[in-house]
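Below: one structure, written as structure tokens.
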Amino acid sequence: MWAGRERGGRLDSVLYVSLIKNAALLVVLVFVYDYLARGTRRWPPLVNQLVAGGVLGGVAFTLMAMSWPLSDGVFIDARTVALSTGTLFYGTVPGAIGGSIAAAFRIHQGGPGVSMGVATIAMSVIVAALWRRVRATDRRDPGFRELWAFGFAVHGCMLCLTCLLPRSMFVDVLQTIAVPVIVVFPLGAALVGTVMVDQRRRRRAERTLRQSEDRFLAFGERFPGRMWMLDDELRYIHVNTQFAEMLGRERSDVLGRTPDDVWAPDVARSLRDHCRRALDGETVDVIEYWPSGGERRWVRALAFSVGGADRGGFIGGLMLDVTDMRQTEAELMRHAERLQQNVRGAVTAMGSLVESRDPYTAGHERRVAELAVAIAERMGWSRDQVEGLRMAALVHDAGKVAVPAEILSRPGRLSVHEFELIKVHARAGYDVLRSIRFDQPVARTVLQHHERLDGSGYPSGLRGDDILPEARVLAVADVFEAMTSHRPYRPALPHEVAVEELRDGAGTRYDVAAVDACLAALEDGFILSSGWDDGRPDAGAGDRWSESRAEGLDLGGVPIAGGVPDTGAVLEEA
């Protein structure tokens with residue numbers, strides 16, 4: 042039968058029906074091959090290639106056995122589609138094996154078209170192998186357009202090979218098969234290739250999913266703690282071995298159960314509360330005392346929602362045994378507290394040393410510390426900052442150990458040289474304290490506690506923000522305490538005088554926030570504790586003040602004018 046010759050080159054519909062049957066069979070056989078490929082994924086690579094080549098050869102054999110004869114010895118079928126796409130996706134070795142099987146069968150069929158048939162088989166494998174290598178289709182998924190271009194290239198070469206037919210058959214065969222080969226076969230290759238791409242992607246996704254599941258399970262088993270998952274009905278859908286061991290159960294005995302089924306009522310109630318908070322969007326992170334292996338241990342428990350229960354999500358949780366960590370932290374805290382007590386003891390001893398050399402100002406540093414802490418707390422400082430300020434206040438006059446005792450206790454007027462020696466105490470205190478490691482800038486605070494915002498202070502004449510906040514607060518507390526406390530050469534000034542000094546100097550000499558906090562504390566009833574053992578000023582001090590005032594003397598560098606000491610001079614006593 043020669044449809045093309047009988048109809049003057051017109052295409053017979055039977056030819057297209059045959060081609061459609063070939064294409065349908067090819068698609069079915071692709072799925073069969075994919076099924077076999079799944080079953081051989083655990084085999085060695087060489088075995089996989091041999092099996093793939095055998096299946097590919099079987100596909101070509103079946104298509105050739107159902108081919109449509111153009112004439113005696115000349116057949117048309119979709120073997121080129123099968124061999125080319127098979128080689129493109131499954132490799133050169135399977136393609137060569139399948140091509141060899143197809144070529145052997147074509148030789149067995151015989152006829153004048155055997156040369157062309159064997160040549161098209163070899164061409165299909167070679168073109169596909171080269172395309173696979175150049176386009177790296179083993180590592181990437183080609184799109185439909187590329188697959189169509191690939192099919193067009195293969196079957197364009199097929200048409201060129203019709204020249205191998207006898208001259209008497211060449212023109213009629215070319216006219217008959219040209220349109221289906223150029224139109225139908227490339228489209229068939231693109232469709233079959235698309236199916237293969239989809240299957241390869243699905244296999245890759247399944248493999249990735251299996252690997253992900255295996256990794257997750259391995260991670261859960263190696264995780265140094267307990268893992269659990271609850272569904273939206275609060276049933277366990279996953280637990281690791283450590284979690285099951287904590288319950289004294291097998292993993293399979295926990296899955297599908299609720300917390301009420303496996304925990305004591307108090308623990309189950311706590312876990313349900315965690316789940317409720319997690320479903321509300323909170324990441325729960327708590328440390329609790331949980332039962333574990335017949336005893337109770339400290340556990341850090343985390344619970345979080347994934348997806349939300351209303352969207353079919355789940356609640357995940359982690360538990361880490363932190364008992365040893367808690368015990369270590371408790372021991373460290375006890376050790377830190379002992380160190381803190383030692384530091385406080387050293388600070389107290391240092392303050393006592395200063396008081397022993399200047400008994401007339403006994404209690405000054407303690408009272409300054411009390412007021413400074415009250416100011417800092419009103420300013421909202423942290424606990425650590427307040428504690429650092431307190432220690433600095435307790436030793437802010439530590440440098441007076443470098444000042445001769447006779448100068449410190451002299452009731453009379455100081456010379457300029459002697460007053461310069463007094464001013465050295467700020468830096469001397471810094472030199473003593475800087476070798477001690479405090480958590481806060483205690484030494485620098487002591488160094489700067491006589492600095493003033495306008496640069497009129499000492500020892501460095503610092504201005505504004507160059508002065509530490511701690512030093513600014515300490516300066517306010519120091520000035521107020523000095524002005525309102527008794528001295529051997531004058532009685533205490535009224536609180537109103539000290540308050541007026543702070544108000545006048547706020548923003549120029551003193552920090553505004555510190556002054557406001559100090560005045561607020563005083564208005565709320567803050568009272569400085571007494572610096573005298575019996576709670577009263579020394580009687581002798583009052584007598585000396587009266588005698589000195591009557592004689593018109595300057596006491597301690599504080600000139601007397603009209604019976605009231607000059608405020609500016611009094612401030613230098615601080």
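Each residue of the sequence shown is one higher than the last, beginning at 42 in our numbering. All residues carry an ideal CB built from backbone N, CA and C; glycine is no exception.
### Query
Residue ranges of each alpha helix (DSSP H) run of no fewer than 4 residues wholly in the region 468-513, ordered along the chain?
Note on the region 468-513: whole alpha helix (DSSP H) runs with a minimum of 4 residues are 483-489, in chain order.
### Endpoints, the alpha helix (DSSP H) within which Met360 is located
Residue numbering aside, residue 360 sits at position 319 when the sequence shown is read from its first letter. Taken as a continuous stretch (DSSP letters only), Met360 belongs to no alpha helix (DSSP H), being part of the beta strand (DSSP E) at Phe355 to Asp362.
### Message
Using DSSP's beta-bridge definition, name the partner residues of Met270.
### Response
Position 229 of the sequence shown holds residue 270. BP columns for Met270 point to His279 and Gly357.
### Task
Measure the C-alpha to C-alpha separation of Phe521 and Leu534 and round it to an integer number of angstroms.
For this step, residue 521 is matched to residue 480 along the sequence shown. For this step, residue 534 is matched to residue 493 along the sequence shown. Near 10 Å, if we compare the C-alpha coordinates of Leu534 and Phe521.
### Query
Is it right to say Glu592 is buried, meaning 16 or more other beta carbons lie within 10 angstroms of its own, or is it exposed?
In the sequence shown, counting from the first residue as 1, residue 592 sits at position 551. Low confidence applies here, because Glu592 scores a pLDDT of 30, under 50, leaving its location unreliable and the question unanswered by this model.
### Query
Between the Cα of Phe130 and the Cα atoms of Arg475, Gly184, Ala344 and Tyr499, which residue gives the shortest distance?
Within the sequence shown, the letter at position 89 stands for residue 130. Ranking the options by Cα distance to Phe130, first place goes to Gly184.
### Query
Are Val363 and Ile356 closer than 9 Å when you measure CB to CB?
What you label residue 363 is simply residue 322 of the sequence shown in a count that begins at 1. What you label residue 356 is simply residue 315 of the sequence shown in a count that begins at 1. Against a cut-off of 9 Å, the Cβ pair of Ile356 and Val363 comes out as no contact.
### Query
Fully enclosed by the region 160-236, which alpha helix (DSSP H) runs are 4 residues long or longer?
Fully enclosed alpha helix (DSSP H) runs of 4 or longer: 185-201 and 208-220.
### Task
Compute the beta-carbon to beta-carbon distance between Asp307 and Val409, rounded to the nearest angstrom, for a pair I have assumed lies under 8 Å.
The residue you call residue 307 lines up with position 266 of the sequence shown. The residue you call residue 409 lines up with position 368 of the sequence shown. Going by Cβ atoms, the distance from Asp307 to Val409 rounds to 52 Å, so no, they are not a contact pair.
### Task
Report all residues from its chain with a CB closer than 6 Å to the CB of Gly245; omit the five preceding and five following residues, and keep chain order.
By 1-based counting over the sequence shown, the position of residue 245 is 204. Per the sequence presented here, residue 245 reads as Arg, with Gly not at that position. Result list for Arg245: empty, nothing under 6 Å.
### Task
Would you decide whether Asp438 is buried or exposed? Buried here means 16 or more other CB atoms lie within 10 Å of its CB.
In the sequence shown, residue 438 corresponds to position 397, counting from 1. Here Asp438 is buried: its Cβ has 16 or more other Cβ atoms, across all protein chains shown, within 10 Å.
### Message
Taking a contact to mean a Cβ-Cβ separation below 9 Å, would you say Leu503 touches Pro482 in this structure?
### Response
For this step, residue 503 is matched to residue 462 along the sequence shown. For this step, residue 482 is matched to residue 441 along the sequence shown. Result no, Cβ atoms of Leu503 and Pro482 do not sit closer than 9 Å.
### Query
For Gln426, does the count of other Cβ atoms within 10 angstroms reach 16, so buried, or fall short, so exposed?
In the sequence shown, residue 426 corresponds to position 385, counting from 1. Result: buried.
### Query
Are Ser165 and Val214 touching if we call contact CB-CB under 9 Å?
Residue numbering aside, residue 165 sits at position 124 when the sequence shown is read from its first letter. Residue numbering aside, residue 214 sits at position 173 when the sequence shown is read from its first letter. With contacts defined as CB atoms closer than 9 Å, Ser165 and Val214 fail to qualify as a contacting pair.
### Message
Going by DSSP in three states, Phe567 sits in which element: helix, strand or coil?
### Response
Within the sequence shown, residue 567 is the residue found at index 526, counting from 1. Reduced to three states, the DSSP call for Phe567 is coil.
### Query
Considering only the beta carbon of each residue, do Val222 and Met199 sit closer than 9 Å?
Here residue 222 refers to the residue found at position 181 when the sequence shown is read from its first residue. Here residue 199 refers to the residue found at position 158 when the sequence shown is read from its first residue. Between Val222 and Met199, the C-beta spacing is below 9 Å.
### Query
From this set, Ala106, Thr126, Gly139 and Glu406, which residue's C-alpha is nearest Gly98's C-alpha?
Residue numbering aside, residue 98 sits at position 57 when the sequence shown is read from its first letter. Nearest of Ala106, Thr126, Gly139 and Glu406 to Gly98, Cα basis: Gly139.
### Spatial distance of Arg590 from Glu537 (CA atoms)
Here residue 590 refers to the residue found at position 549 of the sequence shown. Here residue 537 refers to the residue found at position 496 of the sequence shown. The pLDDT assigned to Arg590 is 28, lower than 50, so where the model puts this residue is not dependable; a value taken from the coordinates is nonetheless given after this. It is roughly 21 Å from the alpha-carbon of Arg590 to the alpha-carbon of Glu537.
### Query
Mapping DSSP to helix, strand and coil, what is Asp326?
Residue numbering aside, residue 326 sits at position 285 when the sequence shown is read from its first letter. Reduced to three states, the DSSP call for Asp326 is strand.
### Message
Measuring only the C-alpha atoms, how far is Asp575 from Leu543?
### Response
Residue mapping note: residue 575 aligns to position 534 of the sequence shown, counting from 1. Residue mapping note: residue 543 aligns to position 502 of the sequence shown, counting from 1. Because Asp575 carries a pLDDT of 35, less than 50, the predicted location of this residue cannot be relied on, and the following value inherits that uncertainty. Approximately 29 Å, taken between the alpha carbons.
### Message
Quick check: the Cα distance between Gly470 and Lys441, rounded to an integer number of angstroms?
### Response
In the sequence shown, counting from the first residue as 1, residue 470 sits at position 429. In the sequence shown, counting from the first residue as 1, residue 441 sits at position 400. Taking the straight line from one Cα to the other gives about 7 Å.
### Message
Within the continuous alpha helix (DSSP H) that includes Phe345, where are the two ends?
### Response
Taking the first residue of the sequence shown as position 1, residue 345 is located at position 304. Where Phe345 is concerned, there is no enclosing alpha helix (DSSP H), although the beta strand (DSSP E) it sits in stretches over Glu336 to Val347.
### Task
Answer yes if the region 145-164 comes into contact with the region 253-270, meaning at least three C-beta pairs across the two stretches below 8 Å, and no otherwise.
Contact between the region 253-270 and the region 145-164 is not established, with fewer than three Cβ pairs separated by less than 8 Å.
### Query
For the alpha helix (DSSP H) that Asp314 lies in, which residues bound it at each end?
Residue 314 sits at position 273 when you count from the first residue of the sequence shown. Asp314 -> alpha helix (DSSP H) spans Pro306 to Leu320.
### Query
Is the beta carbon of Gly192 sitting closer than 9 Å to the one on Gly229?
Along the sequence shown, read from residue 1 onward, the residue named residue 192 stands at position 151. Along the sequence shown, read from residue 1 onward, the residue named residue 229 stands at position 188. Using a Cβ distance threshold of 9 Å, Gly192 and Gly229 count as a contacting pair.
### Task
Express the C-alpha separation of Gly404 and His527 in angstroms, rounding to a whole number.
As a working mapping, residue 527 is identified with position 486 in the sequence shown. As a working mapping, residue 404 is identified with position 363 in the sequence shown. Cα to Cα, His527 sits roughly 11 Å from Gly404.
### Message
Please state whether the Cβ-Cβ distance between Arg310 and Asp326 is less than 9 Å.
### Response
Here residue 310 is taken as the residue at index 269 of the sequence shown, counted from 1. Here residue 326 is taken as the residue at index 285 of the sequence shown, counted from 1. Cβ atoms of Arg310 and Asp326: not closer than 9 Å.
#### Entry: Proximity to Ala523 [Cα-Cα], best of Ser423, Glu406, Val220 and Arg147
For the purposes of this step, residue 523 is identified with residue 482 of the sequence shown, where counting begins at 1. Closest in C-alpha terms to Ala523, from the list Ser423, Glu406, Val220 and Arg147, comes Glu406.
### Task
Would you mind giving the Cβ-Cβ distance between Trp269 and Gly127, rounded to the nearest angstrom? I have them listed as a contact below 8 Å.
Taking the sequence shown and counting its residues from 1, the one referred to as residue 269 is at position 228. Taking the sequence shown and counting its residues from 1, the one referred to as residue 127 is at position 86. Here Trp269 is actually not in contact with Gly127; their C-beta atoms are around 48 Å apart, not less than 8 Å.
### Message
Which residues does DSSP list as the beta-bridge partners of Gly433?
### Response
Counting from 1 along the sequence shown, the entry for residue 433 is found at position 392. It is worth fixing the name first, because residue 433 is Ala in this sequence and not Gly. DSSP, once it has assigned bridges, lists no residue as partnering Ala433.
#### Entry: Cβ distance (whole Å) where Leu271 is taken to contact Cys316 below 8 Å
Counting from 1 along the sequence shown, the entry for residue 271 is found at position 230. Counting from 1 along the sequence shown, the entry for residue 316 is found at position 275. Taking the Cβ atoms as the reference, Leu271 lies roughly 6 Å from Cys316, within the contact range of under 8 Å.
### Span separating the alpha-carbon of Leu430 from that of His458
Counted from its first residue, the sequence shown places residue 430 at position 389. Counted from its first residue, the sequence shown places residue 458 at position 417. Looking at the backbone, the Cα of Leu430 and that of His458 are separated by about 31 Å.
### Task
Could you tell me whether the region 554-563 touches the region 412-421, using the rule of 3 or more Cβ pairs below 8 Å?
The answer is yes - the region 412-421 touches the region 554-563, with three or more Cβ pairs under 8 Å.
### Message
So, with DSSP's three-state summary, where would you put Asp579?
### Response
One-based indexing of the sequence shown puts residue 579 at position 538. For Asp579, the pLDDT reaches just 37, beneath the cut-off of 50, and the residue's location in the model is therefore unreliable, although a value from the coordinates is still provided. Asp579: coil per DSSP, three-state reduction.
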